[in-house]
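Take the sequence shown: its position 34, counted from the start at 1, is 33 in numbering that gives the first Met the number 0, and no numbers get skipped. C-beta atoms are modelled at their ideal positions from N, C-alpha and C, and glycine is treated no differently. Structure first, commentary second.
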Amino acid sequence: MFKRLGLILLFIAVTIGIGYTLYRVIFGPAAPPVTPPGEIVNVPPGGLQPAAPGTAPGVTVPGEEALPPTAPAVSPIANGGVTQVKPLTRVQTKNATLSAAGQLNYYNRADGKFYRIMEDGTIKSLSESVFHNVDEATFAPNGNQAILEYPDGSNIFYDFTNNQQVTLPRHWEDFDFSPQGNNIVAKSIGLDPENRFIVISNPDGSSARPIQELGNNANEVMVDWSPNNQIVATATTGRKMGLDRHEVYFIGQYHENFRSLIVEGLNFQPQWSPGGEQLLYSSASALSDWKPRLWIV
């Protein structure tokens with residue numbers, strides 16, 4: 000009985016296989032036609048042109064000159080690019096000031112002494128005296144006198160030619176010398192805002208006279224005696240014109256009515272030309288992405 004059942008199943012399987020094969024032959028998709036290879040055109044006789052041999056990175060091909068990488072140009076004058084500099088000292092310095100004679104004075108924070116770099120590059124000590132922890136040093140135009148300010152508020156006028164010193168009032172600050180060096184200007188900051196002035200005196204503090212009230216605006220006034228002897232300070236207390244535009248006033252010795260200056264930007268930092276006819280200043284605004292720009296007026 001089992002033998003008969005096996006033969007029946009085998010017959011059915013063979014019948015299905017033969018039927019599927021006939022279906023594929025009669026009704027299946029036709030094979031794609033075979034296209035004989037075409038003729039290759041525009042090829043010179045003898046086959047394809049051989050390729051040129053390659054070169055490894057960094058290897059110069061014979062007959063070609065290797066160009067070195069271009070370095071940025073270095074200028075001895077600052078003109079917006081890379082500027083050549085020459086170190087004059089190997090120590091940390093402070094309050095470096097160029098005198099009218101072209102000599103550079105500076106304060107050595109390490110030993111507390113003042114030095115001068117001569118025109119030939121030699122360095123000499125201005126005095127054997129030691130001045131510890133000087134905060135600010137303002138030199139006279141001749142470079143032989145200076146006003147020294149200390150962190151505790153003490154102020155002294157020192158003459159390096161004869162090593163003499165004079166104590167100045169503690170409530171004076173932000174000093175500057177006149178172009179001739181025979182007078183000084185400073186802020187006299189009293190406890191009462193009504194007792195705050197710009198004052199002019201002799202370098203030793205004698206014959207002091209107030210020339211301009213400060214009130215609560217001392218932080219907006221910058222002492223800076225112009226080389227032409229006309230202006231002793233600038234004040235950013237003028238009109239505010241928008242977010243970063245304001246008016247700057249010029250203060251003279253005798254309440255002169257100088258023309259004001261409209262500054263484009265904040266953080267006004269002025270610097271007079273050697274003759275005092277022009278003013279170079281820097282300021283920053285939103286138009287410059289708050290980066291300082293230089294202006295000349």
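{"query": "In chain order, what residues of the same chain lie with their CB nearer than 8 Å to the CB of Q91, ignoring the 5 residues before and after it?", "result": "N107, R108, A109"}
{"query": "In the DSSP assignment, find the unbroken beta strand (DSSP E) run with T92 in it and report its ends.", "result": "92–97"}
{"query": "Once DSSP output is grouped into helix, strand and coil, what is the label at L286?", "result": "helix"}
{"query": "Would you say Y105 and N132 are within 8 Å of each other, going by their C-beta atoms?", "result": "no"}
{"query": "Quick check: what's the CA-CA separation for S177 versus R244?", "result": "30 Å"}
{"query": "What ranges does the beta strand (DSSP E) occupy inside the region 82–154, keeping only unbroken runs of at least 3 residues that lie completely in it?", "result": "92–97, 103–107, 112–116, 122–124, 135–138, 144–148"}
{"query": "Which value, in whole angstroms, describes the spacing of the CA atoms of A285 and I122?", "result": "44 Å"}
{"query": "Please report the residue range of the beta strand (DSSP E) in which I295 lies.", "result": "292–295"}
{"query": "The beta strand (DSSP E) that contains M221, what's its start and end?", "result": "220–222"}
{"query": "In terms of alpha-carbon separation, which member of Q163, L265, W271 lies closest to A232?", "result": "W271"}
{"query": "Using a Cβ-Cβ cut-off of 7 Å (strictly less than) and excluding sequence neighbours within five positions of K290, which residues of its own chain qualify?", "result": "A283"}
{"query": "Taking the beta strand (DSSP E) that Q252 falls in, what are its first and last residues?", "result": "It is not in any beta strand (DSSP E) - Q252 carries neither H nor E in the DSSP assignment."}
{"query": "According to DSSP, is E172 part of a helix, a strand, or is it coil?", "result": "strand"}
{"query": "Going straight from the alpha carbon of E299 to that of L167, what length do you get?", "result": "This structure does not reach residue 299, given that the chain is present from 0 up to 296, and the question cannot be answered."}
{"query": "State buried or exposed for V296, treating a residue as buried only when at least 16 other CB atoms are found within 10 Å of its CB.", "result": "exposed"}
{"query": "From the DSSP output, in three-state form, read off N227 for me.", "result": "coil"}
{"query": "Which term fits L97, buried or exposed, when burial requires 16 or more other beta carbons within 10 angstroms of its beta carbon?", "result": "exposed"}
{"query": "Beta-carbon separation of N215 and I199 under 8 Å?", "result": "no"}
{"query": "Helix, strand or coil for I15 per DSSP?", "result": "helix"}
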